[in-house]
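K.L.:
Pasting in a structure now, in structure tokens, and then I'll have a few things to ask.
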Amino acid sequence: MNKVLLGLLIGALLGAIDGGTAWFTPAVRAQIVGIVFGSTLKGLIAGVAAGIFARKVNSVPLGILFGLAVGFILAFLVAHYLQHGYYFEIILPGSIVGMIVGYATQRYGAAPVPATR
Amino acid sequence: MKFISDSALERLRDAAEAPDLAGTRYRLLERIARGGMGVVFTAEDENLKRRVALKVLDVPATDGDLANRLIREARVLAALEHPGIVPVHDVGTLADGRVFYTMKFVEGKRLDKYIESVASIPDRLRIFLRICDAVAFAHARGVLHRDLKPANIMVGPFGEVLVMDWGLAKILRGNVSDDARVGDPEATAFEKPKESASAGDATEVSVVTGHGTVMGTPGYMSPEQARGDVALLDARSDIYSLGALLRFLLTGRPELAPLPNGSRMDKSLAAICAKAATASPAERYPSVQEMALDVSRYLDGLAVGAHPESLLEKAARFYRRYRFFILLIAAYLAMRVLILLFMHR
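Structural data, given as structure tokens:
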């Protein structure tokens, strides 16, 4: 499995779990479908970005840092857009999902085969 | 009554054994090993100003069986140009009639000594894979080693692994030169070599024998080799030795034994050893590459062909392979639960 596809799958999976936990917050339970969808999309974008980064840069620390940054930015944008005030509850898990995806795409997944003449 | 001390006797013996290198481009330095066929010295190549290993026969015979074997060994080595096989530089006959050849002087440690400083199983397996590379190459060139054992493997200062002592090698077919083949006692009669100048190998030889007799090292030689069934020998005989060698790398002994720390060998590795060193050649790996592939798969955390896994073993291997990632996900989920608890307080 290549790194971009791996990032996409893990990002989507963790994003869906991340969004699914909103069910435990009664105040936003009614919007659960939208939250899960949005969170999955967020994870998916972070995963693909981390996967593409991993194809270009071969470094676990940089991959984790990149995932963290992407996860943070996306989660911040979501929290800011929703205007629920749940900044901590959205940004912390979103950033950690980014870190995990960043690590996974560096550590696992097939690197692109160098072109030969 | 004792007229001469043991050490003086030893020095006299060394002096008597020392070859006369007059007329060659080599200058004798010191004796480094003694084998069944001859003695290995270090010498300096005075033309190229480099140190070489010089293997010379004990007896001054150019047309005897031992001389033929030594020349054949040099020719086999010359035909096997591979980074994992010690390269031969020269072969010839000394003024006193003794056959010799020179080869690269390897400043390393024997495998059995070297692994005392290598505790990690993966590192040991990576050394084993390099041995497999060299043996697989020799098999592809139609040569069986027939004496694979830790004492015949050298590990150089930069971690290079060299398979030494091809004195018992058997030429099966094909790519090795006819000159090398004619020296094979199981092949045909030997053709007397043309006059030449110099030669050598840097290892000790276990046993040297004639046609159909037992040769090899107990514990490492295959049952068919131990029986002297020369006609039955093929690549799988070396695979048996590789199985025993792998066991040695893992347990310190060529036969089934517990690990030095008292724990049991991993089932997959034990299965690889068992499959390689089983008594029946038909049940062994058909080629060195297949055995090496299984070891590589083990190193990569994949299932090995020699050991069908249960569901539980598959799960355990999956966990071992992705342990850090699984723990990361678990930590993430735990953090999610903590956040939920925090929010609901």
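Protein sequence lines correspond, in order, to chains X and R. Residue numbers for the first sequence follow the numbering used here, beginning at 860 and rising by one. Residue numbers for the second sequence follow the numbering used here, beginning at -5 and rising by one. All C-beta atoms in this analysis are idealised placements derived from N, C-alpha and C, irrespective of residue type, glycine included.
1) Report yes or no: is there a C-beta of chain R within less than 9 Å of the C-beta of Y962 of chain X?
2) Is DSSP giving A193 of chain R helix, strand or coil here?
3) Could you tell me which chain R residues have their CB closer than 7 Å to the CB of I955 of chain X, listed as they occur along the chain?
4) Just the Cα atoms here: how many angstroms apart are L293 of chain R and D260 of chain R?
5) Measuring only between beta-carbons, confirm whether F94 of chain R sits less than 9 Å from chain X.
6) Taking CB distances under 9 Å as the criterion, tell me whether V863 of chain X reaches chain R.
7) Taking 9 Å as the threshold (C-beta atoms), are A913 of chain X and V956 of chain X in contact?
8) With 9 Å as the threshold, decide whether the Cβ of F883 of chain X is near any Cβ in chain R.
9) Could you check which residue in R:K49, R:D90, R:R45 and R:P280 has the C-alpha nearest to that of G17 of chain R?
10) Note down, one range per segment and in chain order, each beta strand (DSSP E) of at least 3 residues found wholly within the segment 910 to 967 of chain X.
11) Which word fits Q890 of chain X, buried or exposed, when buried means at least 16 other C-beta atoms lie within 10 angstroms of its C-beta?
12) Using a Cβ-Cβ cutoff of 9 Å, what residues of the segment 930 to 952 of chain X are near chain R? List them in chain order.
13) With 9 Å set as the bound, which would you pick, yes or no: does the beta-carbon of L873 of chain X sit closer than that to a beta-carbon of chain R?
14) For V80 of chain R and R66 of chain R, what's the separation of their Cα atoms in angstroms?
15) Is N861 of chain X helix, strand or coil when you go by DSSP?
16) Starting from V85 of chain R, follow its DSSP beta bridges and name the residues at the other end.
17) My guess is that Y962 of chain X and L327 of chain R are in contact by the Cβ rule of under 8 Å, so how many angstroms apart are they, rounded?
18) What in chain R is Cβ-close to T880 of chain X, meaning under 7 Å?
19) Is there a Cβ of chain X sitting closer than 9 Å to that of L322 of chain R, yes or no?
20) Which residue's Cα is closest to the Cα of G213 of chain R: R:F318, R:G295, R:A130 and R:S231?
21) By the criterion of Cβ-Cβ separation under 9 Å, what are the contact partners of I894 of chain X in chain R?
22) Cβ atoms of A908 of chain X and G853 of chain X: under 9 Å apart, would you say?
23) Let me check you understand the geometry: is the CB of L263 of chain R closer than 8 Å to at least one non-hydrogen atom of the ligand NAP?
24) When the Cα atoms are used, what is the spatial distance from R124 of chain R to L244 of chain R?
25) Any chance you could list the beta strand (DSSP E) runs of at least 3 consecutive residues sitting entirely within the segment 0 to 59 of chain R, in chain order?
26) Anyone know if the C-beta pair for I109 of chain R and R118 of chain R falls short of 9 Å?
27) Which of the three DSSP states is assigned to A113 of chain R in this structure?
28) Any beta carbon from chain R within less than 9 Å of I914 of chain X's own beta carbon?
29) Between the alpha carbons of F312 of chain R and R104 of chain R, how many angstroms are there, rounded?
30) Using only the alpha-carbon positions, how far apart do V298 of chain R and G870 of chain X sit?
31) Starting from V157 of chain R, follow its DSSP beta bridges and name the residues at the other end.
32) Please identify the residue among R:Y95, R:G295, R:P116 and R:S281 whose C-alpha is closest to the C-alpha of R19 of chain R.
33) Name, going along the chain, the residues of the segment 136 to 159 of chain R whose beta-carbon falls closer than 8 Å to a beta-carbon of chain X.
34) May I have the straight-line CA-CA distance separating W882 of chain X from R888 of chain X, to the nearest angstrom?
P.N.:
Looking at the coordinates:
1) On the first sequence, residue 962 of chain X is found 103 positions in, with the first residue counted as 1. So, interface residue.
2) The sequence position of residue 193 of chain R within the second sequence is 199, counting from 1. Caution applies to A193 of chain R, whose pLDDT of 32 falls short of 50 and renders its modelled position unreliable; the model cannot decide the point.
3) Along the first sequence, read from residue 1 onward, the residue named residue 955 of chain X stands at position 96. Going along chain R in sequence order, the residues near I955 of chain X (Cβ under 7 Å) are Y326 and M329.
4) Position 299 of the second sequence, counted from the start, is the residue given in the question as residue 293 of chain R. Position 266 of the second sequence, counted from the start, is the residue given in the question as residue 260 of chain R. Spanning the two alpha carbons is a distance of roughly 12 Å.
5) As a first step, residue 94 of chain R must be located in the second sequence, where it is residue number 100. With 9 Å as the cut-off, F94 of chain R does not count as an interface residue toward chain X.
6) For this step, residue 863 of chain X is matched to residue 4 along the first sequence. Not one chain R Cβ lies under 9 Å of V863 of chain X.
7) Locating residue 956 of chain X in the first sequence gives position 97, where the first residue counts as 1. Locating residue 913 of chain X in the first sequence gives position 54, where the first residue counts as 1. Cβ distance not < 9 Å, so V956 of chain X and A913 of chain X don't count as in contact.
8) Here residue 883 of chain X refers to the residue found at position 24 of the first sequence. Yes, F883 of chain X counts as interfacial toward chain R.
9) The residue labelled residue 17 of chain R in the question sits at position 23 within the second sequence. Of the listed residues, the one whose Cα sits closest to G17 of chain R is R:D90.
10) Within the segment 910 to 967 of chain X, no complete beta strand (DSSP E) run reaches 3 residues.
11) Here residue 890 of chain X refers to the residue found at position 31 of the first sequence. Looking at its Cβ environment, which holds fewer than 16 other Cβ atoms inside 10 Å, Q890 of chain X is exposed.
12) Y945, F947, E948, L951 and P952
13) The sequence position of residue 873 of chain X within the first sequence is 14, counting from 1. Output row for L873 of chain X: interface = yes.
14) For the purposes of this step, residue 80 of chain R is taken as the residue at position 86 of the second sequence. For the purposes of this step, residue 66 of chain R is taken as the residue at position 72 of the second sequence. Straight-line measurement puts the Cα of R66 of chain R at about 15 Å from the Cα of V80 of chain R.
15) Walking along the first sequence from the start, residue 861 of chain X turns up at place 2. Strand at N861 of chain X.
16) To locate residue 85 of chain R, count along the second sequence from 1; it is residue 91. V85 of chain R is bridged to R:Y95.
17) Reading the first sequence from its first residue, position 103 is the one you call residue 962 of chain X. Reading the second sequence from its first residue, position 333 is the one you call residue 327 of chain R. Actually they are not in contact, since the Cβ atoms of Y962 of chain X and L327 of chain R sit about 16 Å apart, beyond 8 Å.
18) Residue mapping note: residue 880 of chain X aligns to position 21 of the first sequence, counting from 1. Chain R residues near T880 of chain X: R330 and L334.
19) Locating residue 322 of chain R in the second sequence gives position 328, where the first residue counts as 1. So yes, L322 of chain R belongs to the interface.
20) Translated into positions along the second sequence, residue 213 of chain R becomes position 219. Here the closest residue by C-alpha is R:S231.
21) Taking the first sequence and counting its residues from 1, one reaches residue 894 of chain X at position 35. Under the 9 Å cutoff, chain R gives no residues; its nearest Cβ is about 14 Å from I894 of chain X.
22) What is shown of chain X runs 860 to 976, which leaves residue 853 of chain X out entirely.
23) As far as ligands go, the structure on display features none, and thus does not contain the ligand NAP.
24) Position 130 of the second sequence, counted from the start, is the residue given in the question as residue 124 of chain R. Position 250 of the second sequence, counted from the start, is the residue given in the question as residue 244 of chain R. Going from the Cα of R124 of chain R to the Cα of L244 of chain R covers about 16 Å.
25) 20 to 28, 32 to 39 and 44 to 51
26) By one-based count along the second sequence, residue 109 of chain R stands at place 115. By one-based count along the second sequence, residue 118 of chain R stands at place 124. Result yes, Cβ atoms of I109 of chain R and R118 of chain R sit closer than 9 Å.
27) If you number the second sequence from 1, residue 113 of chain R lands on position 119. Coil.
28) Here the question's residue 914 of chain X lines up with position 55 in the first sequence. Correcting the residue identity first, residue 914 of chain X is Arg in this sequence and not Ile. Not one chain R Cβ lies under 9 Å of R914 of chain X.
29) Walking along the second sequence from the start, residue 312 of chain R turns up at place 318. Walking along the second sequence from the start, residue 104 of chain R turns up at place 110. If you take the alpha carbons of F312 of chain R and R104 of chain R, they lie about 36 Å apart.
30) The residue given as residue 298 of chain R occupies position 304 in the second sequence. The residue given as residue 870 of chain X occupies position 11 in the first sequence. One C-alpha to the other measures close to 31 Å.
31) What you label residue 157 of chain R is simply residue 163 of the second sequence in a count that begins at 1. The partner list for V157 of chain R (beta bridge, DSSP) reads R:I79 and R:I147.
32) To locate residue 19 of chain R, count along the second sequence from 1; it is residue 25. Checking every option, the nearest Cα to that of R19 of chain R belongs to R:Y95.
33) Considering only beta carbons, no part of the segment 136 to 159 of chain R lies closer than 8 Å to chain X.
34) Translated into positions along the first sequence, residue 882 of chain X becomes position 23. Translated into positions along the first sequence, residue 888 of chain X becomes position 29. W882 of chain X and R888 of chain X: Cα-Cα distance of roughly 5 Å.
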